[in-house]
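Here's the structure, in structure tokens; my notes come after.
Protein chains: 2
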Amino acid sequence: MTQTAAGASGELLQPLGPELIEQYRRDGYVLLPPDFLPRDVLDVTAAVMPEVLAEDSPARILERDGSTVRSVYGLHRSRPEISALTRLPALLGAVRQLLGDDVYVHQSKVNIKAPFAGDQWEWHQDYVYWLQGDGIHRPDLVNVAVFLDEVTEFNGPLTFVPGSHAEGLLAGADVDGMPLGYEDAPAWVATLTADEKFQVRPSVIEDLARTNGLVSPKGPAGSILLFHPNILHSSAANISPFRRAMLLFVYNSVSNSPQGIAEPRPDFLADPETVALQPL
Amino acid sequence: MTQTAAGASGELLQPLGPELIEQYRRDGYVLLPPDFLPRDVLDVTAAVMPEVLAEDSPARILERDGSTVRSVYGLHRSRPEISALTRLPALLGAVRQLLGDDVYVHQSKVNIKAPFAGDQWEWHQDYVYWLQGDGIHRPDLVNVAVFLDEVTEFNGPLTFVPGSHAEGLLAGADVDGMPLGYEDAPAWVATLTADEKFQVRPSVIEDLARTNGLVSPKGPAGSILLFHPNILHSSAANISPFRRAMLLFVYNSVSNSPQGIAEPRPDFLADPETVALQPL
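Right under this line is the structure:
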């Protein structure tokens with residue numbers, strides 16, 4: 006892999022300046038330009054993606070239409086090329102700066118958001134799934150999204166309520182039953198679909214959006230979006246003719262590994278290997 | 006009604022300068038600021054809207070959820086206050102400038118796009134419905150959208166392929182059967198729902214969008230969006246907590262009135278009164 010100014014092999018980096026760290030703490034997210042990572046990240050990903058999408062496996066989730074691929078999970082476990090990306094010095098360094106600890110990847114996936122077909126994701130926070138489903142007891146995780154396509158206002162960008170991560174857990178009780186179109190799937194599929202299992206009340210979303218506003222970070226392919234596991238977010242369906250694929254790596258602090266779950270979710274949703282990652 | 010610089014009572018106005026007319030001809034749309042119309046348009050509309058939305062009638066179309074109001078048609082026929090808005094000198098003058106003829110309102114509606122619930126509208130052109138359904142033989146119509154709320158990137162704005170109006174009719178064959186959720190409704194309901202009866206092939210949409218780009222005109226409440234009946238457009242669902250209501254008036258040239266339709270659509274979809282409107 007090409008090395009850039011972002012870091013020589015094995016180096017321990019602190020790539021985020023104090024302004025970016027402050028922005029992350031205040032807003033719950035920070036968007037980094039494509040030159041943050043080596044230039045061949047997109048090529049490496051593009052090379053493995055056809056095989057990833059074609060493989061019929063429980064880790065592959067389809068849209069409601071039953072044919073379009075929505076997400077494929079566990080890529081850092083199943084694909085050495087993707088595992089290598091999770092260990093890029095710039096990424097590991099940035100996440101370590103934000104969490105103040107060694108880290109590993111708890112979950113990874115690619116979300117495709119296919120042209121014309123990629124469905125919306127309702128308002129939710131991520132962390133409640135990892136707390137309730139996986140026994141991760143502190144929100145000491147960082148989401149890293151790698152844009153595989155340009156993200157615009159038209160192709161279903163992530164939409165955040167900035168600062169909402171500071172509110173803690175917002176969801177009410179979980180919703181019983183399986184979402185429409187997935188009735189025959191295993192129970193954990195309910196945690197992966199467009200109908201959120203842990204729903205936040207509309208009035209809570211409205212109050213926060215009126216106070217804090219809404220924002221959809223946009224940028225060219227290769228941009229990196231770091232966001233807090235408790236930031237309230239959604240994304241619209243992709244009505245455009247242009248794909249909006251992104252890789253998502255969920256880094257967890259090694260001191261925050263899952264505890265006390267009798268029946269853990271599958272490995273591709275909750276990695277049981279919680280060893281600190283070393284930079285490439 | 007308060008009069009503004011937009012026109013004194015009864016006056017024949019030519020409110021669009023040559024640049025705006027050229028922009029409309031080239032792009033298929035033009036966005037005008039809130040001061041284009043008298044300031045009390047929003048108050049007048051807000052005063053009648055609760056009654057409009059509450060009235061159970063065939064002219065009221067619900068979202069798929071069966072409870073949220075999606076649209077109410079025929080407002081220029083059923084509500085004197087809305088009829089008066091269609092005769093505002095600035096509006097009539099602008100539409101006459103674009104069509105070069107006296108005009109009347111063929112169709113009117115309010116689209117609500119309720120918070121969290123307003124559904125998407127697939128890619129389509131409007132004119133094919135008026136040609137096939139109503140026997141309007143030339144695309145000599147102008148859509149006028151009056152924003153009743155601020156339109157942002159988050160609340161399901163209209164999205165255009167600029168310049169696509171110049172391509173003429175793009176739709177393939179019509180789609181048989183009634184759209185999902187409306188199976189028991191009269192046949193003409195198929196022309197009003199989120200599943201378009203006259204569909205444009207995805208490859209055609211993609212080619213045009215790659216060449217011409219996409220645009221979502223945004224602005225404060227009171228903004229006026231004029232757009233061509235053949236412009237290719239869609240709109241995303243409203244995932245935001247904020248409503249995106251707009252009035253839509255479809256003006257037709259009096260020389261282009263419906264011809265040769267054995268069973269016309271209901272009056273609230275295709276006004277049989279095709280007499281030239283006079284400014285207020």
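Quick note, the sequences are listed as chains V and D, same order. Residue numbers for the first sequence, in our numbering: 6 to 285. Residue numbers for the second sequence, in our numbering: 6 to 285. Glycine included, C-beta positions come from ideal geometry on N, C-alpha and C.
Look at the alpha carbon of D/P55 and the alpha carbon of D/R248, and state the distance between them as a whole number of angstroms. The C-alpha of D/P55 lies about 14 Å from the C-alpha of D/R248.
Reducing DSSP to helix, strand and coil, say where D/A150 ends up. D/A150: strand per DSSP, three-state reduction.
Take the Cβ of V/E86 as the centre, count every other Cβ of all protein chains shown within 10 Å, and call the residue buried at 16 or more, exposed below. exposed
V/G228 CB to nearest chain D CB: under 8 Å? It is Ser, not Gly, that sits at residue 228 of chain V in the sequence shown. No, because no Cβ of chain D sits closer than 8 Å to the Cβ of V/S228.
Only counting the same chain, and skipping five residues up and downstream in sequence, which positions put a Cβ closer than 7 Å to that of V/L279? This sequence places Thr at residue 279 of chain V; Leu is not what is there. Y109, V259, S262.
Taking the alpha helix (DSSP H) that D/T91 belongs to, which residues open and close that run? 85 to 91
Tell whether a beta-carbon distance below 8 Å holds between D/P225 and D/L146. no
Exposed or buried, D/A250, counting other C-beta atoms within 10 Å across all chains shown (16 or more means buried)? buried
Secondary structure at D/I236, three-state DSSP: helix, strand or coil? coil
Start and end of the alpha helix (DSSP H) containing V/R101? 94 to 104
Any beta carbon from chain D within less than 8 Å of V/W38's own beta carbon? Looking at the sequence provided, one finds Pro at residue 38 of chain V rather than Trp. V/P38 does not count as touching chain D.
On a Cα-Cα basis, can you pick out the residue from D/K118, D/S169, D/G98, D/G227 that is closest to D/E211? D/S169
Would you report the Cα separation of D/P271 and V/D40, rounded to the nearest angstrom? 59 Å
For D/Q137, which residues in chain V fall below 8 Å Cβ to Cβ? Under the 8 Å cutoff, chain V gives no residues; its nearest Cβ is about 23 Å from D/Q137.
Can you give me the Cβ contacts of D/V100 inside the same chain, cut-off strictly under 8 Å, excluding the 5 residues immediately before and after it? V108, V147, V149, L231, Y256
Does V/S245 come within less than 8 Å of chain D when only Cβ atoms are used? yes
Return the CA-CA distance between V/L18 and V/G227, expressed in angstroms with no decimal places. 19 Å
Would you mind sorting D/H111 into buried or exposed? The rule is 16 or more other CB atoms within 10 Å of its CB. buried
Supposed contact pair D/N160 and D/S245 - C-beta distance, whole angstroms, cut 8 Å: 5 Å
By how many angstroms is the C-alpha of D/Y34 removed from the C-alpha of D/G98? 16 Å
Relative to the C-alpha of V/K114, which candidate in V/V77, V/L213, V/A52, V/D32 has its C-alpha closest? V/V77
Quick one: which residues of the segment 109 to 143 of chain D get their C-beta closer than 8 Å to a C-beta of chain V? List them in chain order. When C-beta distances to chain V are compared with 8 Å, the residues of the segment 109 to 143 of chain D below that value are P120, F121, Q125, E127, W128, in chain order.
Where do the ends of the beta strand (DSSP E) carrying D/R75 lie? 74 to 78
Report the option in D/P162, D/V151, D/Q102 whose CA atom is closest to the CA atom of D/W126. The closest CA to that of D/W126, considering only D/P162, D/V151, D/Q102, is found on D/P162.
Under DSSP, the alpha helix (DSSP H) around D/Q115 begins and ends at which residues? A small correction: the amino acid at residue 115 of chain D is Val; Gln does not occupy that position in the sequence shown. Careful: D/V115 lies outside any alpha helix (DSSP H), inside the beta strand (DSSP E) at 108 to 116.
Would V/A59 be called buried (16 or more neighbouring beta carbons within 10 Å of its own) or exposed? V/A59 should be labelled exposed.
Considering only the alpha carbon of each residue, which of V/D124, V/P38, V/G22, V/V57 lies closest to V/G71? The alpha carbon of V/G71 has as its nearest neighbour, out of V/D124, V/P38, V/G22, V/V57, the alpha carbon of V/D124.
Taking the C-alpha atoms as reference points, what is the distance between V/H129 and V/I229? 21 Å
Answer with buried or exposed for D/S240, where buried requires no fewer than 16 other C-beta atoms within 10 angstroms of its C-beta. buried
Using a Cβ-Cβ distance under 8 Å, would D/I87 count as near chain V? no
Check D/G224 in the structure and name its three-state DSSP category. strand
Beta carbon proximity, V/T164 to chain D, threshold 8 Å: yes
Short CB-CB distance (under 8 Å) between D/I210 and chain V: yes
Looking only at DSSP bridge pairs, what is V/M251 linked to? The partner list for V/M251 (beta bridge, DSSP) reads V/N116, V/F152.
Which of the three DSSP states is assigned to D/T164 in this structure? strand
So, with DSSP's three-state summary, where would you put D/V203? Per the sequence shown, the amino acid found at residue 203 of chain D is Phe instead of Val. Assignment of D/F203 by DSSP, reduced to helix, strand and coil, places it in the strand class.
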